[in-house]
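Sequential numbering of the sequence shown, starting at 125, is according to the working numbering.
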Amino acid sequence: MSLAPQELENSASKYAAEAIRLDSQGSRGMAIQSYQRAIEALVKLVQIYPDYKLNKVYMERANAYQNRIKALQMSHGLEDDRPAPIESKAEPVNGNGKGSAPASHKSANVETLKADFDDLVMKDKPKVSWDEVIGLDDAKRAIRESIVYPMKRPDLFPLGWPRGILLYGPPGCGKTLLAAAAAAEIDGYFINVDAASMMSKWLGEAEKNISKLFTMARKLNESEGVPVLLFIDEIDSLLGQRNSEVGGEVRVKNQFLTEMDGINGKSKESQLYVIGATNKPWSLEAGFLRRFQKRIYVTLPDGASRTNLFNQYTRPLNTEGSLKIEELAKIADGYSASDIKDICQSVQLRVVNELFESGKAMEANANPRPVSTTDFREILKVRKPSVSVDMIRAYMRWSDQFKAL
Ligand SMILES: Nc1ncnc2c1ncn2[C@@H]1O[C@H](COP(=O)(O)OP(=O)(O)OP(=O)(O)O)[C@@H](O)[C@H]1O
Ligand SMILES: [Mg+2]
C-alpha cells in the first residue's frame, strides 16, 4: 500500500526542518543526510501523484536542497571541518548605493540578516519616475499621501499614517511599476521580495523567513535612520488554501499578521512601510486585509490612459507622421498597459522583420520603414487582451466590497 500524500508531505517537512537545523549548527554530514531524505520524500510524492498541483513547488524545493548539499560538499573541500553556515554564504544587500555601514555590532547584525536574504531581495533601486506610470491617479495619490509625504514631513501627521498598502488588480496594469516608482522617490532602502519564491525556498522555513525579513527591515530603519519600503509581490502566496501544505502556511500567515501589527502599532518615528501586490485579492482573508489600511485597485487603463500609453510606447519608434493614436486607443479598449506596450513592440518587430526578409538589413544605412496606423490595426486584430471580461467583473465585485482609498 502506498503512502498518502499527507504522510509524504509530513515526512519531507520533518526531514527538511531537521536538515536546516543541523545545517545552521554546522553539522554538515548529518544535514546532508537529512536534506537527502527530504528530497527523496518529495521526489516520491511527485512520482506517486504526478498530477498534484503543488508538484512544481516540491520540485523547486528539492532542487534548492540539492544545491545546498552541493554547497556543503564544496565547502568541505575548502575548509577543514566546519562548512560556512547558511547565513554567511552570501554578500550583503545594498539597498540604496550608500555603501556599507561602519562595522559596529549593530550593523554586523544587519549584515548577517541581509546576507540571509541575498537570493530573495532585490538589490538595485529601480529608476522609475511617476511620469512613466500612466494613469492610476488614485493609486499614485494614495502612495504619495501615505508614504512619500509622511517620510518628508512626519511632523504634519499627528495622528500617524498608514503603513500598509495593498495593490490589487489584473496582471500587467502597473502594480510592480507603482512600487518601483515609490521606491525611486524615497531616500532609503527598498526591499523587494517575491512571496512565492520565499515560500518555496526552504521547506518549513518560510515562517522564520518572514520574521527575519521584518527584523531586517526594522534594523535597517533603526540603525541607519532611513525609511525602508518593503515590497511583497504575489502576497497571496503567503496564504495556502490548504492547512496542511508543506511549509506550514497557517503559521506563515500568522507570523505575517503579527509582524504587520508590529509595524502598525509602531511609534511615529518608525518609517517602515509595506506594499503588497496581488492579482488574487479574493484569496486574502479579512484579518489580512485589515492590516492594509489602503487597498487600491490598479485598473485596466481608461481611454485617456490608453492614448498616453500609445504615445509613451511609440515615442522611441519611427512612426508615420499621421499615426491615429486616438483611434488605436479606442480599439484597444479592454487591453492592459502591458498589452499595449507589447503591441507597440510587435509593430516594431514587424517592420524590422520586413527589412531582414528583404535581405537588405545588413546594407549601410538600411532602416525599417516607419510604422503606420494600419500596422497597429493589424496587430490588434490578431492579439486578444490578456485579461478577460469575467476577470474584470470579479475585480470590480471585490473592489465594491473591500477597496479602501
Ligand atoms: N500604468 C502603466 N503605465 C505605463 N506602463 C505600464 C503601466 N502598467 C504596466 N506597464 C508596463 O507593463 C509592464 C508590466 O507591468 P507591471 O509589472 O507593473 O504589472 P503588474 O500589475 O505588476 O502585473 P502582475 O500582476 O502580472 O505582476 C511594466 O513594466 C510597464 O512596461
Ligand atoms: Mg507585478
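Just so you know, even glycine gets a beta-carbon here, dropped at the ideal spot from N, CA and C.
Beta-carbon proximity list for residue i, same chain, < 7 angstroms, skipping 5 on both sides
i      : result
Pro494 : Asn442, Thr443, Glu444
Ala528 : Gln417, Lys418, Arg419
Ile334 : Val376, Gln379, Phe380, Glu383
Glu329 : Ile144
Val471 : Val495, Asp499, Phe500, Ile503
Ser361 : Ala319, Ala320, Met323
Exposure of residue i, with buried meaning 16 or more beta-carbon neighbours within 10 Å
i      : result
Lys377 : buried
Arg277 : exposed
Val422 : buried
Ala428 : exposed
Gly153 : exposed
Ser512 : exposed
Pro440 : exposed
Ser253 : exposed
Ile271 : buried
Gly349 : exposed
Gly411 : exposed
Ala128 : exposed
Glu409 : exposed
Arg265 : exposed
Arg185 : buried
Spatial distance of residue i from residue j (CA atoms)
i      : j      : result
Val317 : Glu309 : 19 angstroms
Ile163 : Asn191 : 11 angstroms
Phe338 : Met384 : 9 angstroms
Val217 : Leu354 : The pLDDT assigned to Val217 is 31, lower than 50, so where the model puts this residue is not dependable; a value taken from the coordinates is nonetheless given after this. Distance between the alpha carbons of Val217 and Leu354: 14 angstroms.
Asn134 : Trp406 : 28 angstroms
Ser151 : Met322 : 24 angstroms
Tyr459 : Ala319 : 27 angstroms
Gln395 : Tyr313 : 11 angstroms
Tyr437 : Cys468 : 6 angstroms
Glu256 : Tyr519 : 24 angstroms
Ile516 : Lys508 : 15 angstroms
Ile315 : Lys194 : 28 angstroms
Ala341 : Asp311 : 15 angstroms
Asn187 : Asp357 : 22 angstroms
Leu479 : Ala488 : 13 angstroms
Gly386 : Tyr397 : 11 angstroms
Ser482 : Leu473 : 14 angstroms
Gly400 : Pro294 : 14 angstroms
Ala141 : Ser148 : 11 angstroms
Ser446 : Met275 : 45 angstroms
Asn345 : Asp261 : 29 angstroms
Phe526 : Lys484 : 57 angstroms
Glu91  : Val374 : Since the first and last residues shown for the chain are 125 and 529, residue 91 lies out of range.
Lys465 : Lys336 : 37 angstroms
Pro174 : Ile455 : 43 angstroms
Leu433 : Lys299 : 16 angstroms
Lys505 : Ala490 : 29 angstroms
Ser523 : Ile172 : 41 angstroms
Ile359 : Met486 : 47 angstroms
Met198 : Lys404 : 41 angstroms
Thr431 : Ala263 : 19 angstroms
Leu413 : Glu269 : 19 angstroms
Pro286 : Tyr273 : 12 angstroms
Gln157 : Tyr189 : 11 angstroms
Beta-carbon gap between residue i and residue j smaller than 8 angstroms
i      : j      : result
Lys168 : Leu132 : yes
Asp463 : Ser510 : yes
Gln417 : Gly288 : yes
Leu302 : Leu291 : yes
Arg415 : Asn388 : yes
Ala155 : Leu196 : yes
Ala304 : Pro250 : yes
Lys448 : Thr402 : no
Gly296 : Ala461 : yes
Val170 : Tyr182 : yes
Arg161 : Tyr139 : yes
Same chain only: Cβ atoms within 6 angstroms of residue i, ignoring 5 sequence neighbours per side
i      : result
Ile267 : Ala306
Val475 : Pro492, Arg493, Val495
Ala165 : Leu132, Ser135, Ala136
Gly259 : Pro425, Ser429
Leu594 : Nothing in the structure corresponds to residue 594, since the chain is present only between 125 and 529.
Other residues of its chain near residue i: CB distance less than 8 angstroms, five sequence neighbours each side excluded
i      : result
Glu451 : Thr497
**Report entry** Around ligand 2, Cβ to any heavy atom closer than 5 angstroms, ordered along the chain
**Finding:** Lys299, Thr300
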